[in-house]
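Here UniProt numbering is used: the first residue of the sequence shown is 1, the next is one more, and so on.
Notes follow the structure.
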Amino acid sequence: MVSPVLVNMHLYNITLQKPTSIYNAISGNFSGVKLQEICVSRGHLLELLKPDPMTGKLSVLISHECFGIIRSLSSFRLTGSSKDYIVVGSDSGRIVILEYIPDKNIFTKVHQETFGKSGCRRIVPGQYLTVDPKGRAIMIGATEKQKLVYIMNRDSAARLTISSPLEAHKSQSICFQIVGVDVGFENPLFACLEVDYEEIDSVNTEVGKAIQTLTFYELDLGLNHVVRKYAEPLDYFANHLIAVPGGSEGPSGVILCCENYIIYKNLGEQLDVRCPIPRRRNDLEDPDRGILVVCSVSHKMKNAFFFLLQTEQGDIFKVTLEVFDDIVTEIKIKYFDTLPVANSICMLKSGFLFVASEFGNHNLYQIAKLGDNDDETEFSSLMPLDEGDTFFFAPRGLQNLIQVDELLSLSPIMNFEVADIVYEDTPQLYAACGRGPRSSIKVLRHGLEVTEMAISELPGNPNAVWTVKKHQDAEYDAYIVVSFVNATLVLSIGETVEEVTDSGFLGTTPTLSCSLLGNDSLLQIYPEGIRHIRCDRRVNEWKVPGRRLITNCAVNCRQVLIALNGGEIVYFELDEGGQLNEYTERKEMPCDVVAMALADIPPGEIRCRFLAVALTDRTVRVISLDPSDCLTPLNMQSLPAMAQSLCIAAVGGDTIESTLFLNIGLENGVLLRTVLDSITGELQDTRTRYLGMKPVKLFKVKMHDNIAIIAMSSRAWLLYKYQTRYHLTPLSYIPLEYASNFASDQCPEGVVAIAGNSLRILAIENLGTIFNYSSFQLSHTPRRFVFHPETGNIITVETDHNSLTTQTKMKRREILAKEMIELAGEDEKEIAAEMSQAFLEEDLPEVQFGTPRAGNGTWASVINVLSASDGHNLFKVELEQNEAAFWYETKNALMALVQFACHPEAPLLLVGGAVNYNLRPRKVESGFIYTYTISALGDRLEMMHRTTVDEAVTALASFRGRLLASAGKMLRIYDLGKKKLLRKCENKHIPNLITHILTMGHRIFVGDVQESVFFYRYKPIENQLVVFADDTHQRFCSAMCILDYDTVAVGDKFGNISILRLPSDCTDDVQEDPTGIRALWDKGILNGASQKCEMVATFYVGECVTCLQKAMLIPGSSESLVYSTMSGMIGALVPFSSKEDYEFFQHLEMHLRTEYPPLCGRDHLAYRSFYAPVKGVIDGDLCEQYCLLEYGKQKEISNELDRVPSEIMKKLEDIRNRYAF
């Protein structure tokens, strides 16, 4: 009998952080303007980035989820056109051509042509993609055999057309690279690097003797077919091809990037020109290791062109060709700069260089110089060298490039934890990411990053602040008006901010409101009256009658409403002559007014039609301002608590032309957002969000030329619309008290705010992001970190393959320095001694220049103790050379804090690993477990002892006062001894290799490298570890998390997350077998354990899952299953609270699969079922694309669901806010 809970497990997938790694980047004029944009692919995400030509700041124009793996990207432009198209090669088995529509800010599918099966297969094209430089043809190729050519043209209406595919297949050949050769307007020509393995298969030739060929394929436009024009065997294996400009711009041909060499080749009489790739002088790495080019970019100028090539070490070289009569005679190569190793490099015509880093943050650089007039040596192919010799250069800091912007990259996330270590009330997300010296622990906090532009202390504690322009058409603000309890301070905005006294504002009284009225007059409202300051300095004043005072007010550019104590509302309106006139009647409210709000005047109208008033009777009322029924109540809504502030904001969208939202801030810290009907004034579709413990105050500001609202409670929040979706995100800043819009020459779009007795000018950037981050720099690739339970300090273990320890590096440096002196002649001894001393003192930062690669089988490991507050390194332990605290498949189980029963004083830190581990073939000399004691302050480690084991230690876990450890495929229990750990129990039934060990009670969950999960039970009386259940499917475990006593979540290296649960009768069977004899001999089903777990949910996330954790993301919410991936994506699987919600989202998902198919041509259901049919999980990423639909389709889907579009959007917003951000 199946457990009822098993049947009802339904989850909803939410993406918290989109993938951050960039695999492909291309540049082009995608929006049709002169400025170039950058299109990047992030696995299954397509983004368009726009660099600001003045500041260089990158902004995301559009980010679109494709629900398919983007394998290749290319841009092309038809001859005579001013706009570039995007060609996408994906796992859909289709070639897709996209066009960016800037007016709608969307990608549209121009063409979609099917050519093969879906999936990333060897013989299905999509891996390689290139275009003819003149935009006449596209070649898309597979890793093996297949290549297709499409002819691009335009029809009579100037629309892009695409032909049927032309085959250029070559059986039994492996393709390494494809590039379009620039031949002007002759028949399009494509160059391919291929290896024919037919002979190797037939005569058993060694693979190392395979011959690579450079093959040219020509598209005959007259005969409409592709021919294999020419094939030339290569002396050196090449991994990269670069097309050389041709036609009237250059000699045409290609540059082959081989190991240690670059070679220019072309058809005809051109001879090969070969030039060695320079090496670093006095490099510590293996001298026999070759140098490979990993990426390149070419740049054409008016009368010249050049190439930038990047090697594996990150060094950038500038390559130029000397041409005589269309024959290349010489290759010149020159060291340019050193940058992080990149997947793609893009050079823009505006002088920017974008580097999509392989690991670590991506960077945008300004090209300051082209490296023509510096002292760097330029090497030439004509310089005489012996075979095998090369040139040498000295790496240095950046000289030709200036970094102007940086994009966050968490790739790869090696370990991940959700915890509130620094007690901020909301949990932080700690991600150990990066590789080598570019590694770091990034602390992600929910909130927008705030930049402080200026801070000024004020003489007292202000209570309000405004900015005012002198004229409606003015670009920048003229005054900052600050109100105190009994005075008003006016500051002028210029190159400096200074106090002024001739502005016309009354300075001896507090101010309730200050704004621009009409085109060029100013308005000040204070408790005793209204002051209207005309442009010619004339002042009109309206005084409050009797002893009454103004308590609240609402103002726009033509209307003024004030509330007097007692609940009386007075209405003023600006006439055509610029005079402020009072309406003849006044409105008496039943009780005092606590807040008022007035919207901006809509375009084409002369007044706002509605006033919102909040009263002390816990109601908010909508009052008409139309002349036909002025000051007539239209609608009323009761509130759960007293209102603190109101704000009406008009938001223009794609669905309804102008949507008015009435935002209500309550005293209990809740924000209500209600749709205000712009015709009838009806209030509907109220949405609730708890912001903090203090009353909510609302202020209208401008962000990216759109209206946004700052809501202030115990922390400040920003409500804004970004890419068709509403965001309510906290600001990562101290609590603020009042805010207003701010615009000046130095800060065109900012906020002026009050905090305590200080005035602060702030800039809020990176809209659309959910997290801001701080980074703690590490020296090696992090494998695992734990938190000290008392102090919260972070203890990390870091390991790098192909790396040297600090001590080994120093020894190698000393050996090289001695060799420099020994090889020098007698006359050069003194100079050589100075050079060797300079070499020993040379300190190139490894963050920029990387670490020397020592060769296979060399490992360097360190253990670090970091402060959780600022990341300061408190303590460091460096392990011996080739001691690797790491195993290939495990990412999060080689360090553990264990509270031994025989050592109750404090937990001990245990670190496991292997000695002299060889990756392939897998071989290990021995394993080890270090035992450390931790100081009371958590800032020091002291080694207690080292335990040697016969196999590599790949997983550690605390278990009932002892240690559970793996030794290869053996599971062992250790206890603490005086000189080493003592082995107490062992089980050898794991088939391959243990990667994870998790425990709960008496149960042990063990993950195998390729055989999924094994469920163990420890028998203390018999001292036995017994397998009582396992899985029916092979899963290559890369992450595990216990959900409850019977349920475990498993992430595999192929990108699947599966929820496995034991049957309801499984536990009873184990309890009925107290001796464990049956479980020892009974192999049960499928040659495994006697019982099998059942899969209750599975979902394909698209990337290798590295970590799983059950955590609470919002205080007070339910727990969710948070996961991280190799490419830096963070997501969560959250449970549905009701069957009704599950069925609603299931139907919405079904409709969206039909009405909004994925952009790259992949079927959504097939994508989410990449390896196994999706089960029990609704894709929230697809459901949230409902907001991207046109209003007609939204209405059509909502009618099918018996709802209205606003209800569907509210449900999408509610389920995200209930569990996550």
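Every residue gets a Cβ at the ideal spot worked out from N, C-alpha and C, and that includes glycine.
Bear in mind the structure is a predicted one, so any value in this text is a computation, not a measurement.
Asked                                                                                                                                  : Found
Burial state of residue 1100 (16 or more Cβ within 10 Å)                                                                               : buried
Residue from 198, 310, 982 whose Cα sits closest to the Cα of residue 242                                                              : 310
CA-to-CA distance, residue 350 to residue 298, given in whole angstroms                                                                : 15 Å
Residue ranges of each beta strand (DSSP E) within the region 309 to 353, 3 or longer                                                  : 315 to 324, 327 to 338, 342 to 347
Rounded straight-line distance, which links the Cα of residue 770 to that of residue 646                                               : 26 Å
As assigned by DSSP and simplified to three states, the class of residue 851                                                           : coil
Span of the alpha helix (DSSP H) around residue 1209                                                                                   : 1205 to 1219
Test item: CB-CB of residue 698 and residue 711 under 7 Å                                                                              : yes
Nearest-angstrom Cα separation, counted from residue 1164 out to residue 250                                                           : 45 Å
Identified DSSP bridge partners for residue 705                                                                                        : DSSP output for residue 705 lists no bridge partner at all.
Selection from 1017, 933, 787, 949 that minimises the alpha carbon distance to residue 942                                             : 933
Within the region 351 to 434, ranges of the beta strand (DSSP E) (whole runs, at least 3 residues)                                     : 352 to 357, 362 to 367, 378 to 380, 401 to 407, 413 to 419, 428 to 433
Buried versus exposed call for residue 1029 [16 or more other C-beta atoms within 10 Å across all chains shown]                        : buried
Alpha-carbon spacing of residue 729 relative to residue 361, whole angstroms                                                           : 23 Å
Same chain only: Cβ atoms within 6 Å of residue 635, ignoring 5 sequence neighbours per side                                           : 622, 681, 682, 683
Residue 18 to residue 764 span [Cα, whole Å]                                                                                           : 20 Å
First and last residue of the uninterrupted beta strand (DSSP E) at residue 618                                                        : Unbroken run through residue 618: none, as it is neither H nor E.
Distance CB(residue 873)-CB(residue 879) smaller than 7 Å                                                                              : no
For residue 559 and residue 608, believed in contact at Cβ under 8 Å, the rounded distance                                             : 6 Å
Local conformation of residue 13 per DSSP, three classes                                                                               : strand
Segments of 3+ residues assigned as beta strand (DSSP E) that fall wholly inside the region 720 to 770                                 : 725 to 730, 738 to 742, 750 to 755, 758 to 764
Simplified DSSP assignment, three categories, for residue 488                                                                          : strand
Proximal residues to residue 718 (C-beta, below 7 Å), its chain only, five neighbours per side dropped                                 : 448, 708, 710, 729, 731, 764
Own chain partners of residue 489 with C-beta closer than 6 Å, once the 5 adjacent residues on each side are dropped                   : 482
Cα-Cα separation, residue 1038 to residue 1110                                                                                         : 16 Å
Given 8 Å, three or more beta-carbon pairs between the region 415 to 433 and the region 395 to 407                                     : no
Residue 664 to residue 868 span [Cα, whole Å]                                                                                          : 38 Å
Contacts around residue 875, its chain only, beta-carbon distance under 8 Å, and the 5 residues preceding and following it disregarded : 864, 865, 939, 940, 941
C-alpha gap between residue 1232 and residue 955, whole angstroms                                                                      : The structure shown does not extend to residue 1232, since the chain spans only 1 to 1221, so no value can be given for it.
Closest Cα partner of residue 599 within the set 737, 583, 624, 305                                                                    : 624
Residue 928 to residue 424 span [Cα, whole Å]                                                                                          : 38 Å
Three-state secondary structure assigned by DSSP to residue 545                                                                        : coil
Residue 125 beta carbon less than 7 Å from that of residue 142                                                                         : yes
Beta-carbon spacing of residue 22, residue 563 below 7 Å                                                                               : no
For residue 1113 and residue 1051, the rounded distance between their alpha carbons                                                    : 20 Å
Residue 889 classed as buried or exposed, judged by whether at least 16 other C-beta atoms fall within 10 angstroms                    : A caution first: residue 889 carries a pLDDT of 39, below 50, which makes its placement in the model unreliable, though a value can still be read off. Residue 889 is buried by the Cβ-count criterion.
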